[in-house]
Amino acid sequence: MHVLAGDALAENFNKADIEGETAICRECLVEGGVKAENINDFWRVRSNFIKSDYGESEEKYYETVAGELQKLENLAPEIEVNLWFEYELFCQTNMWFCLYLLRETHASVYLVAPVVRENDEIWKGFGDLSVEDLRQCFVQKTKFEKDDIALGANLWKAYQNSDYEKLDKLSETNSPCFPFLEEVCLAEIKKNFRPKNILREITENGVSDFPKIFAEFSRRAGVYGFGDAQVKRILQEI
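Each residue of the sequence shown is one higher than the one before, counting from -10 in my numbering.
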């Protein structure tokens, strides 16, 4: 099984002739409420957020979002799960949640990351990579050992509970499956003010055209992985 970070990646992945079932992660757990008593409550919280902020019906959320991620529950022990996620906060929070769902699995779990990227382009993720690039990423996948899966699950719980002290402590863990963990956790800890401050600086310098604002924000704060919707939302708040 391949868990793919969004429909754009899924479209390109389908051209790469890599065998396996797919599950598309369409969540955006980097924003909105995530606190819940149990998994059913969690899906309710998320469906309410998506409905109120993006206008999607509860029925569609359960069908196209929750339904895809629920494929990770009750997996056969012999299955191989490949998590295709990028390095930035947007993707990492989604991946942490997937690892939380997989924490008691006996499946073999691997990370497929955009390892073909140069260091100055790491936050660009899988965007605009060629089909051959995707194949190379798959060949160079990294296995999640038990400790790595546990780390991902613990990161999710710390994130879910806004436990920044624990998140900061976990960020010091060295793992090949989380190569930019310190930067990502710090970005989360500063999420409530750093993006706003950066956007204020950009707009106060006279930039008013949204594509230019977005490009400059992405250059300065690519670690967040925010898309148009997230940046526009922040702009409305400042």
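Beta carbons: idealized from backbone N, C-alpha and C, even for Gly.
{"Asked": "For residue 201, does the three-state DSSP call read helix, strand or coil?", "Found": "helix"}
{"Asked": "Could you tell me whether the Cβ atoms of residue 15 and residue 42 are closer together than 9 Å?", "Found": "no"}
{"Asked": "In the DSSP output, which residue or residues are listed as bridge partners for residue -9?", "Found": "11, 71"}
{"Asked": "Report buried or exposed for residue 189, applying the criterion of at least 16 other Cβ atoms within 10 angstroms of its Cβ.", "Found": "exposed"}
{"Asked": "Do residue 44 and residue 35 have their beta-carbon atoms positioned less than 9 Å apart in this structure?", "Found": "no"}
{"Asked": "Quick check for students: name the residue ranges of the beta strand (DSSP E) that lie wholly in the segment 86 to 161, counting only runs of 3 or more.", "Found": "97 to 101"}
{"Asked": "Alpha carbon to alpha carbon, how far is residue 77 from residue 144?", "Found": "14 Å"}
{"Asked": "Tell me whether residue 82 is buried or exposed, calling it buried when 16 or more other Cβ atoms sit within 10 Å of its Cβ.", "Found": "buried"}
{"Asked": "Between the C-alpha atoms of residue 7 and residue 73, what's the straight-line distance to the nearest angstrom?", "Found": "13 Å"}
{"Asked": "Report the residue from 89, 113, 106, 166 whose alpha carbon sits nearest the alpha carbon of residue 28.", "Found": "89"}
{"Asked": "When the Cα of residue 218 is compared with those of 79, 60, 9, which residue comes out closest?", "Found": "79"}
{"Asked": "Do the CB positions of residue 124 and residue 5 come within less than 9 Å of each other?", "Found": "yes"}
{"Asked": "Under the three-state reduction of DSSP, which class applies to residue 227: helix, strand or coil?", "Found": "coil"}
{"Asked": "Please confirm if the segment 108 to 124 is in contact with the segment 146 to 155, defined as three or more CB-CB distances below 8 Å between the two stretches.", "Found": "no"}
{"Asked": "Report yes or no: do the segment 94 to 111 and the segment 49 to 60 share at least 3 C-beta pairs separated by less than 8 Å?", "Found": "no"}
{"Asked": "What's the gap between the Cα of residue 62 and the Cα of residue 196?", "Found": "46 Å"}
{"Asked": "Excluding five sequence neighbours on each side, which residues of the same chain lie with their C-beta closer than 8 Å to the C-beta of residue 205?", "Found": "191, 196"}
{"Asked": "Can you give, in chain order, each stretch of the alpha helix (DSSP H) that sits fully within the segment 161 to 195 and has at least 4 residues?", "Found": "170 to 178, 183 to 193"}
{"Asked": "Let me check understanding here. Comparing Cα to Cα, which of 2, 9, 24 lies closest to residue 115?", "Found": "2"}
{"Asked": "The alpha helix (DSSP H) with residue -2 in it runs from where to where?", "Found": "-4 to 2"}
{"Asked": "What is the rounded straight-line gap between the Cα of residue 227 and the Cα of residue 176?", "Found": "19 Å"}
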